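Visitor:
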Amino acid sequence: MGEIRPPAVSMALDDQLCFALHSASRAVTAAYRPVLAELGLTYPQYLVMLAVWERGDVPMKELGAVLGLDYGTLSPLLKRLETAGLVRRARQPDDERLITVSATEKGRVLRARAEQVPGAMGQSYGMSAEEAERLRAQLRDLIERLS
1 MGEIRPPAVS
11 MALDDQLCFA
21 LHSASRAVTA
31 AYRPVLAELG
41 LTYPQYLVML
51 AVWERGDVPM
61 KELGAVLGLD
71 YGTLSPLLKR
81 LETAGLVRRA
91 RQPDDERLIT
101 VSATEKGRVL
111 RARAEQVPGA
121 MGQSYGMSAE
131 EAERLRAQLR
141 DLIERLS
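According to this note's numbering, the stretch in the sequence shown is residues 1 to 147, in order.
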């Protein structure tokens, strides 16, 4: 079979995969901003809430690992969500060092309102469901190759 050859080397900014990924990430985040503002969430807060809604009571350490966030980044996000009444942090009685994060009633109600976000954003991308799934698969593959 054919061998995998590295792509031709170019120093042009527009030829850098990293720049295309960076630009796409910024554009996606900007597209989410007005939709999430209606929910009172920032994009990072939305990602935290998605993980909490999906996992229920989740250890803070696991939450950080899932989101790729360190304690110093995650803790202030959780504090703002807790102040907004959307999540609760609780220390484990058997080990006070361990903190579990869960959605409050207000956070669970917000989930129902947030269910329209993926569909609305999917439409704004201007791609079919198949194209979106192909792109997700390629990105997951890239992440795995780099991990």
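By construction, the Cβ of each residue, glycine as well, lies at the ideal position given by its N, Cα and C atoms.
Please read all numbers here as calculations on a predicted model, not as lab measurements.
Would you check if the distance between the CB atom of L63 and the CB atom of A51 is smaller than 7 Å?
Guide: Contact flag set, yes.
Visitor: Which of the three DSSP states is assigned to V9 in this structure?
Guide: coil
Visitor: If I'm right that V101 touches V35 with Cβ under 8 Å, what's the distance once you round it to whole angstroms?
Guide: In fact, because the Cβ distance is near 24 Å, the residues do not count as touching under 8 Å.
Visitor: Decide if Y32 is buried, meaning its Cβ has at least 16 other Cβ atoms within 10 Å, or exposed.
Guide: buried
Visitor: Return yes when the Cβ of M60 is within less than 7 Å of the Cβ of I99, no when it is not.
Guide: For I99 and M60, yes; Cβs fall inside 7 Å.
Visitor: Kindly indicate which three-state DSSP category A20 falls into: helix, strand or coil?
Guide: helix
Visitor: Helix, strand or coil for Q116 per DSSP?
Guide: coil
Visitor: Kindly indicate which three-state DSSP category A84 falls into: helix, strand or coil?
Guide: In this structure, A84 counts as coil in the three-state DSSP scheme.
Visitor: Look up A89 in the DSSP assignment and give the residues it is bridged to.
Guide: Sequence check: residue 89 is Arg here, not Ala. In the DSSP output, where bridge partners are listed per residue, R89 has V101.
Visitor: Pairing CB atoms from the stretch 103-110 with CB atoms from the stretch 77-95, are three or more of them under 8 Å?
Guide: yes
Visitor: Tell me whether E38 sits in a helix, a strand or coil according to DSSP, three-state version.
Guide: coil
Visitor: With distances taken Cα to Cα, identify the nearest neighbour of P44 among A132, D70 and L142.
Guide: D70
Visitor: Give the range of the alpha helix (DSSP H) segment to which M60 is assigned.
Guide: M60 to L67
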